[in-house]
Every structure is written in C-alpha cells, then in structure tokens.
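Line order of the protein sequences matches chains A and B. Counted the way numbering that gives the first Met the number 0 counts, the first sequence spans residues 0 to 120. Counted the way numbering that gives the first Met the number 0 counts, the second sequence spans residues 0 to 120. Beta carbons: idealized from backbone N, C-alpha and C, even for Gly. Shown next, in structure tokens, is the structure this report addresses.
2 protein chains.
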Amino acid sequence: MAGKTRQTCPCVSRKAGRRVVYEKQAEILKALAHPLRVAILDFLKDGEQCVCDIAKHVNSERSNVSRHLAVMVNAGVLESRKQGLNVMYELKALCILDFFSCLEKCLKVQAKDTQKLMKAL
Amino acid sequence: MAGKTRQTCPCVSRKAGRRVVYEKQAEILKALAHPLRVAILDFLKDGEQCVCDIAKHVNSERSNVSRHLAVMVNAGVLESRKQGLNVMYELKALCILDFFSCLEKCLKVQAKDTQKLMKAL
DNA sequence: TAACTATGTGATTATATACTCATATAGTAA
DNA sequence: TTACTATATGAGTATATAATCACATAGTTA
Numbered sequence: 000m001a002g003k004t005r006q007t008c009p010c011v012s013r014k015a016g017r018r019v020v021y022e023k024q025a026e027i028l029k030a031l032a033h034p035l036r037v038a039i040l041d042f043l044k045d046g047e048q049c050v051c052d053i054a055k056h057v058n059s060e061r062s063n064v065s066r067h068l069a070v071m072v073n074a075g076v077l078e079s080r081k082q083g084l085n086v087m088y089e090l091k092a093l094c095i096l097d098f099f100s101c102l103e104k105c106l107k108v109q110a111k112d113t114q115k116l117m118k119a120l
Numbered sequence: 000m001a002g003k004t005r006q007t008c009p010c011v012s013r014k015a016g017r018r019v020v021y022e023k024q025a026e027i028l029k030a031l032a033h034p035l036r037v038a039i040l041d042f043l044k045d046g047e048q049c050v051c052d053i054a055k056h057v058n059s060e061r062s063n064v065s066r067h068l069a070v071m072v073n074a075g076v077l078e079s080r081k082q083g084l085n086v087m088y089e090l091k092a093l094c095i096l097d098f099f100s101c102l103e104k105c106l107k108v109q110a111k112d113t114q115k116l117m118k119a120l
C-alpha cells in the first residue's frame with residue numbers, strides 16, 4: 000500500500016482530469032442549449048428580471064420557466080436573489096454573452112452556404 | 000387576399016423571427032453540449048483528424064464517434080472531406096474555440112465559490 | 001387572522017438522445 | 001476477383017429531458 004499516491008501515472012490522471020473538465024463544460028453548454036433558455040438569456044442581457052416577467056416575455060408557463068431557470072442556476076450560468084415575493088434572476092457569467100456573437104457568426108456562414116447552394120441549382 | 004403580405008404586424012413577425020434564431024442557436028449549442036463532443040472539439044483545435052484517430056483519442060467506439068461527428072456537421076460546427084479510405088473532420092467555425100475560454104472562466108468562478116463555501120463551514 | 005400572488009416541485013407523459021451491435025457501403029491493396 | 005479497412009447507418013434499448021397539471025410553500029396585504 001506504500002507509495003499508493005504514485006501508483007497512478009501522471010499522464011493517466013491528467014487524462015482523467017481532462018474528462019472531468021469536458022463533463023463540466025458540457026454541463027454548462029447543455030444548460031444553454033434550449034431555445035427557451037437562449038431566449039431567457041437574451042432577455043437577461045439587459046439586467047435582472049423576475050420569473051413572472053421572464054415567463055411573460057418568452058410566452059411560457061411560469062412553472063416551466065422556473066425549471067429552466069433552475070437548470071441554469073445549477074450550471075452556474077445564472078444567480079438569483081429574493082426580493083419580496085419575487086425571485087430575481089441575472090447572468091452570473093457575462094462572458095456567456097460573447098457566445099452569442101459567435102453563434103450569430105456561425106448562422107451567417109450557414110446562410111451563405113445555403114445561398115451558394117441555391118445559386119448552383 | 001389582397002395585401003396579405005402586410006397582414007402580419009412587423010412586430011409579430013420580428014418576434015417570430017427571433018424565435019427561429021433562438022432555435023438555430025440552441026441547435027448549435029446542443030451540438031456542442033456533450034462531454035465526448037467537447038473532447039473531440041478540443042482534439043480538433045490543432046487541425047483535421049480522421050474518425051479513426053478521433054475514436055482512439057477519445058477512447059470510444061468508431062460508430063459512436065461517427066454519429067457524434069455527424070451531429071456537429073449537421074449543426075455547421077464541423078466540416079468533412081474524404082481522403083482515400085478516411086474521412087477527415089475539421090472545425091468549420093473557429094470562433095467556437097473562444098467558447099471554451101469562457102467555459103473555463105465559468106468553471107474557475109464556480110471553483111472559487113466552492114472554496115468560499117468550504118472555508119465558511 | 002384570511003385571501004392573495006409569485007415561485008418551486010412531485011408526478012406523469014411524451015419525446016429526444018446516446019450507446020451498442022450487426023450490417024451496409026466505399027475505397028484500397030493483393 | 002477477393003480480402004481488408006474506414007466509415008456510416010438501421011434497429012433496439014436505456015436514459016435524459018421537457019411540458020403540463022396539481023399542489024405546496026413563502027411572502028404580502030388587508
């Protein structure tokens with residue numbers, strides 16, 4: 000049992016470590032990867048909002064919105080605070096907003112590809 | 000039927016248009032939101048690779064990897080080209096790589112939060 | 001206190017996704 | 001031609017996720 004701390008090759012543990020990181024990163028991405036959640040994030044970019052107003056804005060049931068918000072809080076994307084009867088949600092990681100400019104860029108490239116295809120027909 | 004093109008209020012159509020954008024953005028995010036796919040993207044950041052080598056690198060079945068690659072190609076994240084027996088995959092939208100620096104930042108913030116909690120106990 | 005409002009959650013159902021195995025296809029090399 | 005290799009895909013199963021409804025909780029106001 001002596002020397003057990005060195006039994007795992009550094010390379011292996013680094014690889015295993017990477018996998019944990021990939022899982023965490025995927026978890027955050029998963030928390031963003033839903034049309035309603037994207038809509039919510041777009042709404043929250045201008046500041047905190049209560050569940051009530053978010054639900055109105057994205058035109059969905061409050062209970063459903065509440066669940067989606069919980070997903071994003073668990074992933075560390077949003078944070079919440081109580082204010083009287085309301086619970087206010089706001090973006091925790093502002094760099095998330097940078098994602099969306101990249102996403103729009105991707106969509107534009109896709110649109111151009113489609114245009115090229117159309118012309119070739 | 001006359002004037003049908005103006006029957007839809009610009010505001011409504013803009014809102015409907017946003018929803019389509021949110022769906023497309025969510026589709027791209029979904030294509031990234033899996034540990035194996037994150038691992039693949041991390042491997043592809045240094046250049047194109049064949050399915051065979053990707054599968055070896057991420058330690059998963061080729062058929063499985065092939066499917067994950069197809070998901071990312073469909074979302075416009077990767078592109079592929081045939082080279083003899085192999086099919087080479089590479090990143091199509093390089094800005095995707097910027098995502099990951101943000102993700103790492105998010106994880107670091109989370110880690111700090113956890114540390115704070117630990118100290119408070 | 002009682003009535004009200006905002007939010008969260010359990011249970012159910014529907015749907016989507018991931019993984020595995022077997023098999024098909026396409027290109028290579030003998 | 002046959003044998004081989006890389007890749008893709010159909011079918012089945014297991015699991016995860018989303019939406020809805022009913023209900024519980026917490027804070028507000030009268």
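task = Please say whether phenylalanine 42(A) and cysteine 101(B) have beta carbons closer to each other than 9 Å?
result = no
ask   = Who does cysteine 49(A) pair with in a DSSP beta bridge?
value = Met87(A)
message = I need the straight-line Cα distance from valine 70(B) to leucine 93(A), nearest angstrom please.
response = 28 Å
inquiry  = I'd like to confirm the pairing. Which residues does DSSP put opposite arginine 80(A) in its beta bridges?
reply    = Met87(A)
Same chain only: Cβ atoms within 6 Å of histidine 67(B), ignoring 5 sequence neighbours per side = Leu35 and Arg36
key: Residue nearest to valine 108(B) in terms of C-alpha spacing, selected from Gly75(A), Ala119(A), Val50(A) and Ser65(A)   = Gly75(A)
query = By Cβ distance below 7 Å, which residues in the same chain neighbour leucine 77(A) in space, the five residues on each side in sequence not counted?
reply = Leu68, Met71, Tyr88, Glu89, Leu90 and Lys91
request  = Decide if leucine 31(B) is buried, meaning its Cβ has at least 16 other Cβ atoms within 10 Å, or exposed.
outcome  = buried
message = I'd like the list of long-range same chain contacts for arginine 61(A), defined as Cβ closer than 8 Å, with 5 residues on each side in sequence excluded.
response = Val50, Cys51 and Ala54
ask   = Helix, strand or coil for alanine 32(B) per DSSP?
value = coil
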